[in-house]
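Written as structure tokens, this is what we have:
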């Protein structure tokens, strides 16, 4: 499902020195796998996730996700890819204020050519994460765990085959984090391919496979 | 990205930032309203100048003899032969001859004047013209010399009636007159008599003039009578009845006028374009004033565009994460730029519409106030403002354009946002 080889990326630090965060990293994730990528803070985990999700285009190497080649793809092609093929879950939820939970979930609908039954499908997605009852609430009226569930429902709204998670439990307490991890496991059992970057052991413990990012290489 | 999606997101953001939106909208509205207001005023005043104060027919050329004539060598005598040559010039459709009544005349009126007793003496200035010049405005009988002893048909100038109604009549407590009232009105004249010249050669001749119409082409300070009547009066009193005072050349097209003017000057005649120049100068003064006001208003629109640019830049900075999320769920760089531009377009068009509506309302209010509270004066128009349909529409378009121009920078910055960077952490 996900294949990446020879991924390299460098940043410039504040003094103008080049800093390599990925140095020829490669990985392969099979369909239906739940894989955790671990590493210390600043090791390049999020960078790897952004490259695999088509959010970062400034890198060297080859990436193919669900049969789509991302390196060298146009901005429009990458936008379509992000809209239909991958769902993102972020540590800080990144919900849009001013929109209800259901409207947040249906946000991807605005950027694709999909059917006009978005409200019903948004409710279905919220049901899938156990939050249908709070569909009309604003993000400010939801707890951290509930916001993350809304973010997961948004990521799943257009039924992508791949879910990419960036520290998904980083802002949640223990019990809520456990609920989210349980939710990921359930979604994975339903056939969703999940790649989560994390530094939390409880997330890696739930994964079927754990990769470590060290010195720009995945091991 | 669908138009409905753009609309939904624009509405969302404007709803969340009402204060910023209102500030941007207000700036555009001020600029557009002042522009529409002043342009409407300029158009209205121009119309008054063109149609009432100096109703110049742009197809006409007034030919007069030179101030110093050197016999027939350099032209100068405006006789029938000269008129024939002028009429034959390329571009000239017709030549209307004019001959002043070259003997003095007075009117001593004593009797009923539209319901009021009047006892007044006036010096009468009259010019005879070819009937074709004013025929269209004649409403009673034929405009031709009726022969000695018969009332001479006369045409009054529209502007003379206006000046009488707005200044003379109110000052003397005389009745207001309309063209319809005047047609058929007769008054006595004594030819070869004057209140102002020391003496006139020969005896005076009593007669009558009857107003048969009111015309823009009539002599401003006097009456216009048939050419043959003027010729007969001059002849009867021993004055020059062979040469003309002037000739009005009617061209087929205003574009022919410069060529005709050049040919007339080449023939040794002068062109009396004082009225045309006055009209053009007044029109130019109005146009320059309007342009200055319009430029000032355009400057306000420019400042409004800068305000929108500033507001949108701040908005893009504040929403960088949100825009990053949109990129993450499928928005392209072009989608994000379109979103910012659409927001500006809505603000600009709304501000433009509000400004245009305010300007039209203000123009209407000013016209109403002037009509009610400002006393009558000559050429006072029914409306000082003219608001053709294109003007408010142009105001809306200008508001939208100013806003979209203001959004160029912010939309580019929004499109350049790196989602990987703004969503990190």
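Residue numbers (the working numbering), protein chains in the order written: chain A, 6 to 224; chain H, 1036 to 1460. Beta carbons are placed, not taken as given, at the ideal position from N, Cα and C, and that holds for glycine. A quick note: this is a predicted structure, and the numbers were derived from the prediction, not measured.
In this structure, residue 1356/H places its C-beta atom within 8 Å of the C-beta atom of residue 1457/H. When DSSP states are grouped into helix, strand and coil, residue 43/A belongs to the strand group. Against chain H, the CB of residue 13/A has no partner CB under 8 Å away; the residue lies outside that interface. Take residue 1262/H, set aside five residues on each side of it, and the residues of its chain with a beta-carbon closer than 7 Å to its own are 1132, 1134, 1163, 1164, 1165, in chain order. Residue state for residue 1443/H is assigned as helix, using DSSP reduced to three classes. Interface with chain A (8 Å Cβ-Cβ cutoff): residue 1055/H is excluded. Comparing alpha-carbon positions, the option among 126/A, 50/A, 19/A, 45/A lying closest to residue 1455/H turns out to be 50/A.
For residue 1323/H, the enclosing alpha helix (DSSP H) covers residues 1309 to 1353. For the region 1347 to 1379 of chain H, residues whose beta-carbon sits nearer than 8 Å to a beta-carbon of chain A comprise 1356, 1357, 1359, 1360, 1361, 1362, 1363, 1364, 1365, 1366, 1367, 1368, 1369, 1370. Bridge partners of residue 1415/H according to DSSP: none are assigned. If the five residues before and after residue 1302/H are omitted, its C-beta is found closer than 8 Å to the C-beta atoms of 1110, 1117, 1120, 1121, all from its own chain and listed in chain order.
Straight through space, the alpha carbons of residue 1304/H and residue 1231/H are spaced by roughly 31 Å. Our two residues, residue 1271/H and residue 1417/H, have alpha carbons roughly 46 Å apart in a direct line. Nearest Cα to residue 96/A within the set 71/A, 78/A, 195/A, 182/A: 182/A. Within the same chain, and ignoring the five residues on either side of residue 184/A in sequence, the residues whose Cβ sits closer than 7 Å to its Cβ are 150.
Less than 8 Å separates the beta-carbon of residue 1249/H from that of residue 1214/H.
Counting C-beta pairs with one atom in each stretch, the region 1135 to 1151 of chain H and the region 1283 to 1297 of chain H have fewer than three that are closer than 8 Å, which means they do not touch. Closest by C-alpha distance to residue 80/A, out of 1311/H, 1368/H, 1211/H, is 1368/H.
Annotation note: the region 46 to 127 of chain A contains the following uninterrupted alpha helix (DSSP H) runs of length 4 or greater, listed N- to C-terminal: 50 to 57, 80 to 89, 106 to 110.
Collapsing the DSSP output to three states places residue 1453/H in coil. Burial check for residue 1309/H: the Cβ neighbour count within 10 Å stays below 16, so the residue is exposed.
For residue 1041/H, the enclosing alpha helix (DSSP H) has its first and last residue at 1038 to 1051. Below the 7 Å Cβ cutoff, chain A contributes 60 as neighbours of residue 1454/H, in chain order. With a cutoff of 8 Å on beta-carbon distance, residue 217/A and residue 43/A are scored as near each other. In the structure shown, residue 1216/H falls within a helical segment according to DSSP collapsed to helix, strand and coil.
Residue 45/A is outside the set of residues whose beta carbon lies under 8 Å from a beta carbon in chain H. Under the Cβ distance rule, residue 122/A does not count among the residues neighbouring chain H, no pair being separated by less than 8 Å. Counting other Cβ atoms within 10 Å of its Cβ, residue 1370/H reaches 16 or more and is therefore classed as buried. Contact between residue 1377/H and residue 1431/H is absent: CB atoms are separated by about 16 Å, not below the 8 Å threshold.
The alpha-carbon of residue 1361/H is positioned some 32 Å away from that of residue 20/A. By a beta-carbon distance limit of 8 Å, residue 1246/H contacts residue 1191/H. Their separation comes to about 6 Å.
The region 161 to 209 of chain A contains, as complete beta strand (DSSP E) runs of 3+ residues, the segments 167 to 171, 198 to 203 (chain order). Going by DSSP, residue 1408/H is part of the alpha helix (DSSP H) stretching over 1368 to 1408.
In the assembly as shown, residue 1323/H is an exposed residue. Its beta-carbon has fewer than 16 other beta-carbons within 10 Å.
Per DSSP, residue 1206/H is one residue of the alpha helix (DSSP H) stretching across 1204 to 1207.
In the three-state reduction of the DSSP assignment, residue 1156/H falls in the strand class.
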